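Undergrad:
In this note's numbering, the protein residues as written are 8 to 215.
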């Protein structure tokens, strides 16, 4: 841990979250190259000097945001998806609920995470790509590991179901990004859960 980050962690939690939200918003809107410490300071209601004091550099702040977005989501999923939860769609609903809770805590989180997919700046692109590979493997393990697929119809491939839902979820996350208000977010979540229920009904065996 760097001295700069130690200084950041001495701030009140509310102040930390305010700066994190501001950085998520600026990087998500402008991308790594165009975003500046000054833009983030202005958005966060502080000064360039203080941002530099806390993080040392734009790159350190950027990678810290990646760590925050990954660790908080992953830890929350690991805490919630216990070994006794083996249904694929139940896991999906838990993961979705965690993502939505994170979005409400950090409104610009999805914008930032979406921007990572399109980031090409050589200063960060390779690290992002490696992070995506590790994160996708971890996500697949959480979703697929220990999951009971015996309820699927005999002609349904679990891997294809996972891909199908993953692609559907990307559209859902984009809709969340454009929701604009907590009420709309909750309505979208309710609709998405209905879509999951419909998918489950379509691909699971009928129960007597």
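Every residue gets a Cβ at the ideal spot worked out from N, C-alpha and C, and that includes glycine. These figures come from a predicted structure and were not determined experimentally.
Compute the Euclidean distance between the alpha carbons of residue 197 and residue 100, then round it to the nearest angstrom.
TA: Roughly 10 Å between the two C-alpha positions.
Undergrad: Measuring only the C-alpha atoms, how far is residue 50 from residue 157?
TA: For residue 50 and residue 157, the distance between alpha carbons rounds to 50 Å.
Undergrad: With distances taken between CB atoms, is the gap from residue 87 to residue 105 smaller than 9 Å?
TA: Result yes, Cβ atoms of residue 87 and residue 105 sit closer than 9 Å.
Undergrad: Give the DSSP-derived three-state secondary structure of residue 195 in the structure shown.
TA: Looking at residue 195 - three-state DSSP - the assignment turns out to be helix.
Undergrad: Which residue marks the beginning of the alpha helix (DSSP H) containing residue 134, and which one marks its end?
TA: Segment 132–151, the alpha helix (DSSP H) holding residue 134.
Undergrad: Where do the N-terminal and C-terminal ends of the alpha helix (DSSP H) with residue 60 fall, by residue?
TA: Here the alpha helix (DSSP H) through residue 60 covers 55–62.
Undergrad: Quick one: what does DSSP say residue 159 is sitting in, helix, strand or coil?
TA: Residue state, collapsed to three classes: strand.
Undergrad: Compute the beta-carbon to beta-carbon distance between residue 76 and residue 116, rounded to the nearest angstrom, for a pair I have assumed lies under 8 Å.
TA: With a Cβ gap of about 6 Å, residue 76 and residue 116 count as contacting.
Undergrad: For residue 113, count neighbouring Cβ atoms within 10 angstroms of its own Cβ and tell me buried if that reaches 16, exposed if not.
TA: Answer is buried; the Cβ neighbour count reaches 16.
Undergrad: Which runs of the beta strand (DSSP E), 3 residues or longer, sit entirely within the stretch 11–82?
TA: Qualifying beta strand (DSSP E) stretches: none in this window.
Undergrad: Considering Cα atoms alone, identify which of 127, 95, 201 is closest to residue 165.
TA: Out of 127, 95, 201, 95 has the C-alpha closest to the C-alpha of residue 165.
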